[in-house]
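*Asks:* 479 is the number of the first residue of the sequence shown in my numbering; add one for each residue after it. All residues carry an ideal CB built from backbone N, CA and C; glycine is no exception. Following this message is one structure expressed as structure tokens.
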Amino acid sequence: MAIAIDFGTSNTVITRWNPVTQQPETLSLPGLSLTQAQNPPLIPSLLYVENASSDRVVIGQGVRDKGLDLKNDPRFFRSFKRGIGADIQGFLPELDGKIITFEQVGQWFLTQIIEKLQSTWPDVGESLVLTVPVDSFEAYRNWLSSVCQSLPVEQVRLIDEPTAAALGYGMTNQQLLLVIDFGGGTLDLSLVRLDASSQAGTKPLGFILKWGNKQLENSAQKSKTARVLAKAGQNLGGADLDNWLVDYFAQTQGIASTALTTRLAEKIKIQLSLQQKASEVYFDDETFESYDLQLERSQFESILKERKFFDRLDESMTQVLQQARRQGIEVSDIDAVLLVGGTVQIPAVQTWVQQYFEPTKIRCERPFEAIAQGALQLTQGIELKDFLYHSYGIRYWDRRLNRHNWHPIIKTGQPYPMSEPFELLLGASVESQPSIELIVGELGAETGGTEVYFDGDRLVTRSLASGQTQVQPLNDRDGARTIAQLTPLGFPGSDRIKVFFQVDSQRFLRMTVEDLLTKQTLLDNQPVVQLS
């Protein structure tokens, strides 16, 4: 059975390919999916640790059914996806003698889902497709890779969430689509072209994380190619809006920020997508006072403006449209705009999109299911062509600024595999230098990055000021920095080694190092890291 999981910050969606109907269907897992009648069934991305040492946890709707999300309990986790792979600043809880990381919480969550799937459908385990944010750093993908190695699944593959959404909306061939994926934790924009392939039997591609003993059979049907032309994204989502509403009620009514008030704020936000005014009653069990939390849609939109919400949306839209224009694509050339994720249901967000595109081009009828159902297309003869989202560079000492800086070697938008390698000449910097070290880094957006930190018990992401570049070193650890042992020893004054950087078809950054003095090859097409 082919399964796709869209692991979201607020909700998780699971779909399978029904061999009888030959259509994707969204699954409801007893005890994990929402209990009320809802279409589609969603699994809240919540987790409560009952015993960390024995890996006993409660996830999904089970957390709410037991009321485990209503107290400020360090055992309760929400929005944990956005902390995975991030450099967390602040306190991480110690439970049952074990320091709990967001990577561990995410692994518990996905493992529990797989175990529940296999107990319900015994044939689960042949093929699993996981979706990833377009702006995810390599640390997040590496985490997914490590989790998948322990899952009892034959084959695991990844696909970008926006690309999966384009496939999930079932758009016809030869269309240029802009996917706006706005969920609980991230905003991702992706310009995608769906083309027809005349070759039958094309092998399904994508980023393959894990192979078992079984191989996929070649598809005998006509394949489609989803080619990503432009991307932009940032850490901004519905969880931020919930926090802003909690802050608003704290300022206007003096209500403390708790897990319960955050839940009530989320309910108010959802209500305002359907009506002009929303209200929830909050009872403080310590002071025995009750509060009527009321908010009108116009007030909500004012809060968004005060937080520069729409300015941040404009930044991402500008980035993706500029990338498109460099390829000769204008706004009028985009055939359709697909909205996915819970945050796109906010009327103000839909109005913002209409400032750029005609309403007839905007589709929002499948905000929750499109990504997971589109991911299933990887098992049905879809071939993906993509480019590198991030830039990559090497660290050097900037004498003018008297600090380390980064020199790009591979720019955003680089197609892979690379046709020509990037060359770099390096020399020794001190007398009798025994080796040369090189630190490769993954460069964030040039307009700025984000930092993740704790404000009390709340996980917060904050944009860095414009002009600051977030960098994630990929090999800054003992044993990984050295790329050349120099025999004889090196001396300043001349180039000593030539380095060739190449990206292969599987997105591995490979390095070849030649010693210019001895004419020896010190590294031969050595893989350094898998890029995103």
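Under the three-state reduction of DSSP, which class applies to residue 883: helix, strand or coil?
*Replies:* If you number the sequence shown from 1, residue 883 lands on position 405. In the structure shown, residue 883 sits in a strand (DSSP, three-state: E or B).
*Asks:* Can you name the start and end residues of the alpha helix (DSSP H) that residue 779 belongs to?
*Replies:* Working through the sequence shown from its first residue, we reach residue 779 at position 301. Per DSSP, residue 779 belongs to the alpha helix (DSSP H) from 775 to 784.
*Asks:* Give the DSSP bridge partners of residue 485, in chain order.
*Replies:* Your numbering for residue 485 matches position 7 in the sequence shown. Answer is 490, bridged to residue 485.
*Asks:* By the DSSP assignment, the alpha helix (DSSP H) with residue 795 in it spans what residues?
*Replies:* As a position in the sequence shown, residue 795 is number 317, starting the count at 1. Per DSSP, residue 795 belongs to the alpha helix (DSSP H) from 787 to 803.
*Asks:* Quick check on the burial criterion: 16 or more other C-beta atoms within 10 angstroms. Buried or exposed for residue 648?
*Replies:* Position 170 of the sequence shown, counting from 1, holds the residue named residue 648. Residue 648 is exposed by the Cβ-count criterion.
*Asks:* Would you tell me roughly how many angstroms separate the C-alpha atoms of residue 830 and residue 849, rounded to the nearest one?
*Replies:* For this step, residue 830 is matched to residue 352 along the sequence shown. For this step, residue 849 is matched to residue 371 along the sequence shown. For residue 830 and residue 849, the distance between alpha carbons rounds to 22 Å.
*Asks:* Helix, strand or coil: how does DSSP classify residue 496 here?
*Replies:* As a working mapping, residue 496 is identified with position 18 in the sequence shown. Correct three-state label for residue 496: strand.
*Asks:* To the nearest whole angstrom, what separates the beta carbons of residue 814 and residue 653, a pair I think is in contact under 8 Å?
*Replies:* The residue you call residue 814 lines up with position 336 of the sequence shown. The residue you call residue 653 lines up with position 175 of the sequence shown. Between residue 653 and residue 814 the Cβ distance is about 6 Å, and since that is below 8 Å, they are a contact.
*Asks:* With a 10 Å radius around its C-beta and 16 neighbouring C-beta atoms as the bar for buried, classify residue 497 as buried or exposed.
*Replies:* Residue numbering aside, residue 497 sits at position 19 when the sequence shown is read from its first letter. Counting Cβ neighbours within 10 Å, residue 497 comes out exposed, since fewer than 16 surround it.
*Asks:* Taking C-beta to C-beta, are residue 1000 and residue 991 nearer than 8 Å?
*Replies:* Here residue 1000 refers to the residue found at position 522 when the sequence shown is read from its first residue. Here residue 991 refers to the residue found at position 513 when the sequence shown is read from its first residue. Cβ atoms of residue 1000 and residue 991: closer than 8 Å.
*Asks:* Could you tell me the alpha carbon to alpha carbon distance between residue 662 and residue 822, rounded to whole angstroms?
*Replies:* In the sequence shown, residue 662 corresponds to position 184, counting from 1. In the sequence shown, residue 822 corresponds to position 344, counting from 1. Straight-line Cα distance between these residues: approximately 10 Å.
*Asks:* Across the region 757 to 773 and the region 725 to 737, are there enough close Cβ pairs to call them in contact, namely three or more that are closer than 8 Å?
*Replies:* They touch, by the three-pair rule.
*Asks:* Near residue 828, what residues of its chain come up, given a Cβ to Cβ distance below 8 Å and the 5 sequence neighbours on each side ignored?
*Replies:* In the sequence shown, counting from the first residue as 1, residue 828 sits at position 350. Around residue 828: 817, 822, 840, 842.
*Asks:* Could you give the first and the last residue of the continuous beta strand (DSSP E) run that contains residue 905?
*Replies:* The count along the sequence shown starts at 1 and reaches residue 905 at position 427. It spans 900 to 905 - the beta strand (DSSP E) in which residue 905 sits, taken as one unbroken run.
*Asks:* For residue 824, does the count of other Cβ atoms within 10 angstroms reach 16, so buried, or fall short, so exposed?
*Replies:* Stepping through the sequence shown from its first residue, residue 824 is reached at position 346. Answer is buried; the Cβ neighbour count reaches 16.
*Asks:* Would you give the residue range spanned by the alpha helix (DSSP H) that residue 581 belongs to?
*Replies:* To locate residue 581, count along the sequence shown from 1; it is residue 103. Unbroken alpha helix (DSSP H) run through residue 581: 580 to 598.
*Asks:* Hey, out of 993, 895, 956, 998, whose CA is closest to residue 982's CA?
*Replies:* In the sequence shown, the residue the question calls residue 982 occupies position 504. Minimum Cα distance to residue 982 is reached at 895.
*Asks:* Looking only at its chain, what residues have a beta carbon closer than 7 Å to the beta carbon of residue 733, apart from the 5 residues adjacent to it on each side?
*Replies:* In the sequence shown, residue 733 corresponds to position 255, counting from 1. Excluding residues within five positions, the ones whose Cβ falls inside 7 Å are 727, 739, 760, 769.
*Asks:* Would you call the CB atoms of residue 888 and residue 979 closer than 8 Å?
*Replies:* Position 410 of the sequence shown holds residue 888. Position 501 of the sequence shown holds residue 979. Their beta carbons are under 8 Å apart, which means residue 888 touches residue 979 by this criterion.
*Asks:* Can you give the Cα-Cα distance for residue 995 and residue 890, rounded to whole angstroms?
*Replies:* Against the sequence shown, residue 995 aligns to sequence position 517. Against the sequence shown, residue 890 aligns to sequence position 412. So the alpha carbons of these two residues sit roughly 34 Å apart.
*Asks:* On a CA-only basis, which of 518, 785, 543, 622 is nearest residue 526? Give me that one, please.
*Replies:* Numbered from 1 along the sequence shown, position 48 holds the residue referred to as residue 526. Comparing Cα positions, the closest option is 543.
*Asks:* Using C-beta distances below 8 Å, list every residue in its chain close to residue 689, excluding the 5 sequence neighbours before and after it, in chain order.
*Replies:* Reading the sequence shown from its first residue, position 211 is the one you call residue 689. With a pLDDT of only 45 at residue 689, under 50, the local geometry of the prediction cannot be trusted, and the value read off the model is given with reservation. Excluding residues within five positions, the ones whose Cβ falls inside 8 Å are 632, 633.
*Asks:* Should residue 943 be labelled buried (16 or more other beta-carbon atoms within 10 Å of its own) or exposed?
*Replies:* Residue mapping note: residue 943 aligns to position 465 of the sequence shown, counting from 1. Only weak support is given to the placement of residue 943: the predicted model assigns it a pLDDT of 43, under 50, and the value that follows is read from those uncertain coordinates. By the 10 Å Cβ count, residue 943 comes out exposed.
*Asks:* Does residue 997 pass the burial test, meaning 16 or more other C-beta atoms within 10 Å, or should it be called exposed?
*Replies:* Counting from 1 along the sequence shown, the entry for residue 997 is found at position 519. It is exposed - the Cβ of residue 997 has fewer than 16 other Cβ atoms within 10 Å.
*Asks:* Measuring CB to CB, does residue 523 end up less than 8 Å from residue 587?
*Replies:* Residue mapping note: residue 523 aligns to position 45 of the sequence shown, counting from 1. Residue mapping note: residue 587 aligns to position 109 of the sequence shown, counting from 1. Yes, Cβ-Cβ distance for residue 523 and residue 587 is below 8 Å.
*Asks:* Just curious, the beta strand (DSSP E) that residue 655 is in, first and last residue?
*Replies:* Along the sequence shown, one-based indexing puts residue 655 at 177. Residues 653 to 660.
*Asks:* Using the three-state DSSP reduction, which class does residue 917 fall into: helix, strand or coil?
*Replies:* Taking the sequence shown and counting its residues from 1, the one referred to as residue 917 is at position 439. The answer is coil: DSSP assigns residue 917 none of H, G, I, E or B.
*Asks:* DSSP puts residue 890 in a beta bridge; with which residues?
*Replies:* One-based indexing of the sequence shown puts residue 890 at position 412. Residue 890 pairs with nothing; no bridge assigned.
*Asks:* One question on the structure: do residue 637 and residue 492 come within less than 8 Å of each other, judged by their Cβ atoms?
*Replies:* Residue mapping note: residue 637 aligns to position 159 of the sequence shown, counting from 1. Residue mapping note: residue 492 aligns to position 14 of the sequence shown, counting from 1. In this structure, residue 492 does not lie closer than 8 Å to residue 637 by Cβ.
*Asks:* Since residue 964 and residue 906 are thought to touch, with beta carbons under 8 Å apart, how far apart are those beta carbons, to the nearest angstrom?
*Replies:* Residue mapping note: residue 964 aligns to position 486 of the sequence shown, counting from 1. Residue mapping note: residue 906 aligns to position 428 of the sequence shown, counting from 1. The Cβ separation is near 7 Å, so the contact holds.
*Asks:* Might you give, ordered along the chain, the residues of its own chain that have their beta carbon closer than 6 Å to the beta carbon of residue 855, omitting 5 neighbours on each side?
*Replies:* To locate residue 855, count along the sequence shown from 1; it is residue 377. For residue 855, where only same-chain residues beyond five positions count, the Cβ hits under 6 Å are 645.
*Asks:* Assuming residue 483 and residue 606 make a contact with CB atoms under 8 Å, what is their CB distance in whole Å?
*Replies:* Reading the sequence shown from its first residue, position 5 is the one you call residue 483. Reading the sequence shown from its first residue, position 128 is the one you call residue 606. At roughly 7 Å, the Cβ-Cβ gap stays under 8 Å, so residue 483 and residue 606 are in contact.
*Asks:* Give the single residue among 608, 832, 751 whose Cα lies nearest to the Cα of residue 853.
*Replies:* The residue given as residue 853 occupies position 375 in the sequence shown. Nearest C-alpha to residue 853: 608.
*Asks:* Using only the alpha-carbon positions, how far apart do residue 485 and residue 558 sit?
*Replies:* As a first step, residue 485 is located in the sequence shown; it is residue number 7 there, counting from the start. As a first step, residue 558 is located in the sequence shown; it is residue number 80 there, counting from the start. C-alpha separation (whole angstroms): 11 Å.
*Asks:* Which residues mark the beginning and the end of the alpha helix (DSSP H) in which residue 988 is found?
*Replies:* In the sequence shown, residue 988 corresponds to position 510, counting from 1. No alpha helix (DSSP H) holds residue 988; the beta strand (DSSP E) holding it covers 986 to 993.
*Asks:* For chain C, find out if any of its Cβ atoms is closer than 8 Å to the Cβ of residue 751; answer yes or no.
*Replies:* Although the question refers to chain C, the structure presented lacks it and comprises just one protein chain.
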